[in-house]
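Each residue of the sequence shown is one higher than the last, beginning at 3 in the working numbering.
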Amino acid sequence: MATTKRGRRRPVTQAIKDRSAASRTAAREALHAYAVLCLNDPAELERFRDIAASIGWKLDPASDEPGYSLQNALLLAAQRRPLTHCGGFDYWLSQGRAVAEGEKSLGTFRHIGRKKTDEEKAKEKELADDGWQSSKRGPRYYVKKGTFDVSQTVPRERCPHCGTIPASEDDRTTQCPPDCAAFAPRPGSKPPRVIVVELLQAQLLDADEAEGEANQ
Numbered sequence: 003m004a005t006t007k008r009g010r011r012r013p014v015t016q017a018i019k020d021r022s023a024a025s026r027t028a029a030r031e032a033l034h035a036y037a038v039l040c041l042n043d044p045a046e047l048e049r050f051r052d053i054a055a056s057i058g059w060k061l062d063p064a065s066d067e068p069g070y071s072l073q074n075a076l077l078l079a080a081q082r083r084p085l086t087h088c089g090g091f092d093y094w095l096s097q098g099r100a101v102a103e104g105e106k107s108l109g110t111f112r113h114i115g116r117k118k119t120d121e122e123k124a125k126e127k128e129l130a131d132d133g134w135q136s137s138k139r140g141p142r143y144y145v146k147k148g149t150f151d152v153s154q155t156v157p158r159e160r161c162p163h164c165g166t167i168p169a170s171e172d173d174r175t176t177q178c179p180p181d182c183a184a185f186a187p188r189p190g191s192k193p194p195r196v197i198v199v200e201l202l203q204a205q206l207l208d209a210d211e212a213e214g215e216a217n218q
C-alpha cells in the first residue's frame, strides 16, 4: 500500500521568532497611532467606516463569511489609505490583475492553531456562565503579509473598465487612470459607529497593557 509523505515543518529559529515579534509590535504601534487619529478626528473615523464598508468587514472574526474582521480592517487602514478592494496575490491574478512592480504587501492578523468547533465554543460558554475560568493562554496571533489593495495592482490584459492595455505580457508598471472604475469604492454596509469606537478604545488599552508588561 502506497503511503504519502507529509511535508516537514520549517524549524522555528530564534531569528524567525524575532521577526514575528517585531511584526506584531509594528502592527500594534500602527493600530495605536491610527486609533488615536480616529478618536481625535471624527472625519477620519467616518473615513474608516467607509473603508470597512468597501473592503468588506464581519463582526465575528471566526465566521466563514467573506470579509475582514473589523480589527484586520482597522490594521489594513492603519497601513495604507485609502483602501477600496483588498485581496491576496493569487486573488488579483484571478481577477485579471497583477501586483504592480515595487508594491509592498499589507499585513493582517492570523490565528495560530486550529479553529474551535461550535461544540467547543458552546461548552466553554456554558462553563463560563457557571463561573469557570480557563487557565489556558488566550489565542495567539501572528502578522501575515500578502494583502494588496486594488490601487497596488495593474491590468494583466486589457482593463474591462477603462481599456488600459499593458505594454507587454510581463509589464507590471502600466497603471489604469485614477478615475478607472476598478478603483471605485464598493457598496457595503458601514460598521456601527459605537462598535468602531469600542474597537479603537481597545487598541489604546492594549497598547497600555503591552507597555506595562515591557516595563515589568
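Every residue, glycine too, gets a C-beta built ideally from N, C-alpha and C.
Worksheet entry | Inter-residue spacing [alpha-carbon to alpha-carbon] between residue 77 and residue 66 | So the two alpha carbons sit approximately 20 angstroms from each other.
Worksheet item: With 16 as the cutoff for other CB atoms within 10 Å, does residue 91 come out buried or exposed?
Response: By the neighbour-count criterion, in which 16 or more other beta carbons inside 10 Å mark a residue as buried, residue 91 falls on the exposed side.
Worksheet entry | Residue burial classification, residue 37 (beta-carbon count within 10 angstroms, cutoff 16) | Buried.
Fill in: Distance between beta carbons of residue 144 and residue 2, contact taken as under 8 angstroms
Nothing about residue 2 can be read from this structure; the chain reaches only from 3 to 218.
Practice prompt. Identify which residue in 89, 97, 24, 14 has its Cα closest to the Cα of residue 162.
Written response: Checking every option, the nearest Cα to that of residue 162 belongs to 97.
Discussion item. Within 8 angstroms, do at least three Cβ pairs link the region 46 to 62 to the region 172 to 182?
Written reply: Not touching, per the Cβ criterion.
Worksheet item: What is the DSSP secondary structure of residue 170, reduced to helix, strand or coil?
Response: Per DSSP, reduced to three states, the secondary structure at residue 170 is coil, with no helix or strand assignment.
Worksheet item: Given a threshold of 16 other Cβ atoms within 10 Å of its Cβ, counted over all protein chains shown, does residue 170 qualify as buried or as exposed?
Response: Exposed, because fewer than 16 other Cβ atoms sit within 10 Å of the Cβ of residue 170.
Fill in: Cβ shell of residue 51 (< 8 angstroms), same chain only, five flanking positions each side left out
Same-chain partners within the cutoff: 192, 193, 195, 198.
Worksheet item: Cα separation between residue 63 and residue 69?
Response: Their backbone Cα atoms lie some 9 angstroms apart in a straight line.
Worksheet item: What does residue 108 pair with, by DSSP beta-bridge criteria?
Response: Listed as beta-bridge partners of residue 108 by DSSP are 149.
Discussion item. According to DSSP, is residue 71 part of a helix, a strand, or is it coil?
Written reply: Residue state, collapsed to three classes: strand.
Worksheet item: In three-state terms, what does DSSP make of residue 83?
Response: The answer is coil: DSSP assigns residue 83 none of H, G, I, E or B.
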